[in-house]
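Note that the protein sequences, when read in sequence, are chains A and B. To get our numbering, take the position in the first sequence, counting from 1, and add 371. To get our numbering, take the position in the second sequence, counting from 1, and add 371. The beta carbon of each residue, even a glycine, is placed where N, CA and C say it ideally should be. Since this is a predicted model, take the numbers as computed values, not measurements. What follows is a set of notes on a single structure, which appears directly below.
Number of protein chains: 2
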Amino acid sequence: MTYDLIIVGGGPAGITAGIYAARKKLKTLLITKEWGGQITKANDIENWPGIKTISGPDLMENMLEHLKKFEIELKDQTEVIDLNKENNEFAIRDNQDNEYKSKTVIIATGKVPRLLNIPGEEEYKGKGVSLCSTCDAPMFKDKEVAVIGGGNAGFSTAYDLTKYATKVYILEFMEEMCGDPLMKEKIEKTGKAKFITNVAVKEIKGDDFVKSLIYENRDTGEDKEIEVQGVFIAIGMTPKAGFAENLVEFDDIGEIKIDRNNKTKTEGLFAAGDITDVKYEQIVIACGEGAKATLAVDEYLSKK
Amino acid sequence: MTYDLIIVGGGPAGITAGIYAARKKLKTLLITKEWGGQITKANDIENWPGIKTISGPDLMENMLEHLKKFEIELKDQTEVIDLNKENNEFAIRDNQDNEYKSKTVIIATGKVPRLLNIPGEEEYKGKGVSLCSTCDAPMFKDKEVAVIGGGNAGFSTAYDLTKYATKVYILEFMEEMCGDPLMKEKIEKTGKAKFITNVAVKEIKGDDFVKSLIYENRDTGEDKEIEVQGVFIAIGMTPKAGFAENLVEFDDIGEIKIDRNNKTKTEGLFAAGDITDVKYEQIVIACGEGAKATLAVDEYLSKK
C-alpha cells in the first residue's frame, strides 16, 4: 500500500498538517515519537490567538483531540530512522523495523533546545526556568532574571526581558559575548543589564520557584551566587532530521531549507515548523506552516 | 508622537500581529474598518487547530477579546486612505482626516471575494452558499453542488468537492473553461463533474437552505434551473491595499509582494495575511504570518 502523505512529527506543525490532510481526504499516516513537541514544555501560553492563557499540555491535548476526530492513521511512540526516494515513491523506515511507502512526505520533527544539564534546570522548568522569552517575558515583570548564552539568541532574549524585568544578567561561557554588538548596545542603554563573560553556570536553586543561580568564574575557579527569579536558557536548538539527510539541504544550523511553499529540494518532500529555516519559532507560526505544507502537498498530488 | 508600529487591518493576521506587538511592548496602534475580515463570513470553522467546530464570528470575538487584554491602541470603523514615508517615518492618513506617524507599518487589510451580485447570494451565505471549499467541502457530503467559476480557483474548489459531493456542476461565463487542463482531466476522472460553459448565473433559490440555481445560456438566452444544495463562488478575490501603492510592489492579482520575513520593498514596511502573495489563504496561516510580521518588526526596530 502507498499513502498519499506521511507526516513525520506530532507537534503543532504536524498535527495541523494532519487536520488539513484528513479534510482533503488524503490517505495519510502520521508518525511521531511523542505528541506536542516543544509545546508540552510550556507552562502558560498567552500568545495563542483566541485564548488568553492555556497550558502547553492543554493546548496540545485540544489539538490532538481535534486531529483524532478525523479519519487519519496515527502511530505514536515511533521514530523514523530512514527516508529514501525510489521510483518516484518515498520509503520510510521506523525504529520498529516497519517500512511504509508514500507519494509525499512532510517532515515536521521540530527541534530540541540545547540544555545546560545542571542541577535545578529540569526541576524548575516552568517555575522560573524558561526557554522562550517571546512566550514568557511578560511573567517576569519587576523581577530579576538571568539569561544563559551571549549569542544572538541570548541577546534577543535579554532585550525582551529588559522590557519587563528590573535587572537582567547575561552570562556567557566564552571570554567575549558573541552576539551582534549593536544589539548589545541597545540592551546596555536600558540600564538594566549586566554582562558577565567567561563563566560556567553550575546550578539553579530555589524553593517552589527559582531563587538563585550559581556560576563559576573560569579564570579563578571561584563560585558566585546571584539572586534571580528567572533563568532563560538560550544556548541554541538542535534540529532533528538526520534521517532525511539524503533528500534535503540543511542550513548552517541544521534546519531544512524550504521555499515559500514548504518544498524541500526533493520533489514531493515538504517540511514545516521549527525543523525548517523559517526564521521565527512560535506555535501559531508552526501551525500556519503545517497547513501551508499540506495545501502544497494537495496541489502537488492534484497535478500528478 | 511617533508609534513604533501601526497595524492596518483587524482580521486574523492583524489581530495576531497586535497580540505579539503588545507583548513585545511596542507602542502600537491598530487601525481597521471592521473586525475579523473574511472570518466573520464563515459559518462553521472546523480547521482552526484545537477547536473541533466554531463559528467565524465566535472565533473572531475570542481573538479580539484576547487582543483587548493587552496594552494596545485600537481604532475601528476607520479606513486608511494614504500611506507615505518621509524622513524615515511613515505617515498614515485615515478617512476621518487624522494623521499618524510610525517607525514601522504592517499592512494586513486582507481581500474581499468578488461576488455575483445576484438574488439569493447574500441570503444563503452560510446556508449553502460558500466562498471556501477548503473550509466547507466536508459539509456537502452526498450532496449536489455547483461551482461558479471555471478558472483555477473554480477547478480546485470543484476538485475538493468531488471528494464529498455526489455531483459537481462547474459553470463558466466564457465559452471555454480557463483553468489548468490537467486539473480538469483529474476532475473529469471522478465521474462526478459536469462542465457548463457560456452561461450567466442569475439566481440562487431555496427555503432554509439552497435548493437550486438558475443560469442563462448566453447563446440562446434560455434559462435553466438545476437542483443543488450548495453553491461555491470562485470568481476571484480583490486585495485592498491601494493606499500603499507608492511603497509596495503588487503581483499580477494585486497582492503585496513580500519576502519570507514579511518585508515589502520599502524598509520598515511589512505585510501579512491574505493581502500578501503568500499562496494559501487560511485563518491559521494568516495568524502565523501576523506573528511573523511583528517578530520581524521587532527585530528591525531592535537594530535601529
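Where residue i meets chain B, residues with beta-carbon distance less than 9 Å
i        : result
CYS549/A : Near CYS549/A there are no residues of chain B at all, since even the closest Cβ is about 17 Å away, more than 9 Å.
Per-residue contacts from residue i into chain B (C-beta, under 7 Å)
i        : result
VAL655/A : THR387, CYS658, GLY659 and ALA662
PRO552/A : The contacting residues do not exist; PRO552/A stays about 11 Å from chain B at best.
MET434/A : PRO420 and GLY421
LYS534/A : LYS396
Contact list for residue i against chain B, beta-carbon separation under 8 Å
i        : result
PRO484/A : Those do not exist, as PRO484/A stays about 18 Å from chain B at its closest Cβ, beyond 8 Å.
ASP430/A : The sequence as given places Leu at residue 430/A; Asp does not occur at that position. Under the 8 Å cutoff, chain B gives GLY421.
SER673/A : SER527, TYR530, MET554 and LYS557
ILE390/A : ASN418 and PRO420
Per DSSP, cross-strand counterpart(s) of residue i
i        : result
LYS496/A : VAL500/A
PRO484/B : MET608/B
ARG394/B : ARG394/B is not bridged to any residue.
VAL451/B : ASP465/B
ARG478/B : The sequence as given places Ile at residue 478/B; Arg does not occur at that position. In DSSP, ILE478/B forms a bridge with VAL379/B and ALA642/B.
THR387/B : Bridge partners of THR387/B: none, in fact.
GLU470/B : ARG464/B
GLU660/B : Answer is none; GLU660/B lacks a bridge partner.
LYS456/B : PHE461/B
TYR671/B : Beta-bridge pairing links TYR671/B to no other residue.
TYR709/A : Nothing about residue 709/A can be reported from this structure: the residues present for chain A run from 372 to 675 only.
THR665/A : Partner(s): none; THR665/A has no beta bridge.
Beta-carbon neighbours of residue i, restricted to chain A and to distances below 9 Å
i        : result
LYS650/B : ARG631, ASN632, LYS663, LEU666, ALA667 and GLU670
Chain A contact residues for residue i, given Cβ-Cβ distances below 8 Å
i        : result
ARG394/B : GLU417, ASN418, THR505, ALA508 and PRO509
PRO383/B : PRO420
LYS440/B : LYS423
Within chain A, the residues that residue i reaches when beta carbons sit closer than 7 Å
i        : result
MET372/B : Chain A residues near MET372/B: none, gap ~19 Å exceeds 7 Å.
Same chain only: Cβ atoms within 7 Å of residue i, ignoring 5 sequence neighbours per side
i        : result
GLU492/B : LEU486, VAL500 and ILE575
LYS555/B : PHE526 and MET548
LEU454/A : PHE461, ILE463, VAL476, PHE614, ALA615 and LEU618
LEU666/A : TYR391
LEU430/B : ILE410, ILE416 and TRP419
Cβ neighbours of residue i in the same chain (closer than 6 Å, five flanking residues each side left out)
i        : result
GLU598/A : SER583
ALA428/B : It is Pro, not Ala, that sits at residue 428/B in the sequence shown. Same-chain partners within the cutoff: THR411.
LYS446/A : ILE402
GLU652/A : ASP645
8 Å CB neighbourhood of residue i in its chain, flanking five on each side removed
i        : result
PRO509/B : GLU417 and TYR535
THR399/B : TYR374, ASP375, LEU376, ILE377, ILE378, GLY389, ALA392, ALA393, ILE443 and GLU444
LYS636/A : LEU618, VAL619, GLU620 and LYS628
THR647/B : GLU626, ILE627, LYS628, ILE629, ASN633 and GLU660
LYS611/B : THR480, GLY481, LYS482, VAL483 and ILE646
ILE692/A : Past the edges of chain A, shown from 372 to 675, lies residue 692/A, and the structure says nothing about it.
THR680/A : Any question about residue 680/A goes unanswered here, given that chain A covers just 372 to 675.
Cβ-heavy atom distance, residue i to the ligand PLP, below 8 Å
i        : result
GLU670/A : Because no ligand of any kind appears in the structure shown, any question about the ligand PLP cannot be addressed here.
Length at least 3, wholly inside the segment 504-545 of chain B: the beta strand (DSSP E) runs in chain order: 515-519 and 538-542
Quick one: any contact between the segment 377-386 of chain B and the segment 649-669 of chain B, if contact means 3 or more CB pairs under 8 Å? yes
Ordered list of beta strand (DSSP E) runs contained in the segment 611-643 of chain A, each at least 3 residues: 640-642
Below 8 Å, how does it come out for the segment 542-552 of chain A and the segment 629-638 of chain A: are there three or more Cβ pairs, yes or no? no
Counting beta carbon pairs with one atom in the segment 435-453 of chain B and one in the segment 531-541 of chain B, are three or more of them shorter than 8 Å? no
Report the start-end ranges of each beta strand (DSSP E) in the segment 400-447 of chain A that is 3 residues or longer and not cut off at the edges. 444-446
Contact between the segment 471-482 of chain A and the segment 608-622 of chain A: three or more CB pairs below 8 Å? yes
Do three or more CB pairs link the segment 399-412 of chain A to the segment 422-436 of chain B at distances below 8 Å? no
Report yes or no: do the segment 493-507 of chain B and the segment 387-397 of chain B share at least 3 C-beta pairs separated by less than 8 Å? no
Note down, one range per segment and in chain order, each alpha helix (DSSP H) of at least 4 residues found wholly within the segment 541-601 of chain A. 552-560
Counting pairs of Cβ atoms below 8 Å between the segment 640-648 of chain A and the segment 658-673 of chain A, do you hit three or more? yes
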